[in-house]
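The block underneath contains the structure these notes are about, expressed in structure tokens.
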């Protein structure tokens, strides 16, 4: 199942990007979003960007049919590779593992460079695409629907958090 969303910010890209590339801010972001045991395993520079590996335990409001697969908290391992593009956008490729859950989650985020708006504020746009698959017989579609709904909620919560936190960071 595919998810697509666009998050627009009245925030400069450099300030927004800090929450995806600095260990302390990544940890704070996930903790503010109710994650526990947040670990930034690696932040490495690459020729055209950087790579980030994180691990965290996130709460799950699991429907009864999935209780044997998903617990009340699930460990998420997330690998991101960030690459500057020729059009000056920044592309992030993500691979997300919910430890012990038979689902595949991949996605991209594309941040545009800030562009001046008519009101003089700076706008950064993040186009997010996520794909969730499961080959589990019988309950695979229920699992995919649950994960997809949870991802949508997490993305909205992260967007709202960043809308508030990034301007405070820039002050």
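In UniProt numbering, the protein residues as written are 1 to 171.
Ideal Cβ placement from N, Cα and C applies to all residues, glycine included.
| Item | Value |
| --- | --- |
| Considering only the alpha carbon of each residue, which of 105, 47 and 138 lies closest to residue 85? | 47 |
| Examine the Cβ distances between the segment 137-147 and the segment 158-167 and report whether three or more of them are shorter than 8 Å. | no |
| Which residues in the same chain have their Cβ closer than 6 Å to the Cβ of residue 49, if we skip the five residues on either side of it in sequence? | 82, 83 and 84 |
| Go through the segment 95-153 residue by residue and report every complete run of the beta strand (DSSP E) that reaches 3 residues or more, in order. | 104-111 and 122-133 |
| Please list, in chain order, all residues of the same chain as residue 4 whose beta carbon is under 6 Å from its beta carbon, the five residues on each side excluded. | 129 |
| Spatial neighbours of residue 2 within its chain, please: C-beta separation below 6 Å, excluding the five flanking residues on both sides. | 131 |
| Three-state secondary structure (DSSP) at residue 16? | helix |
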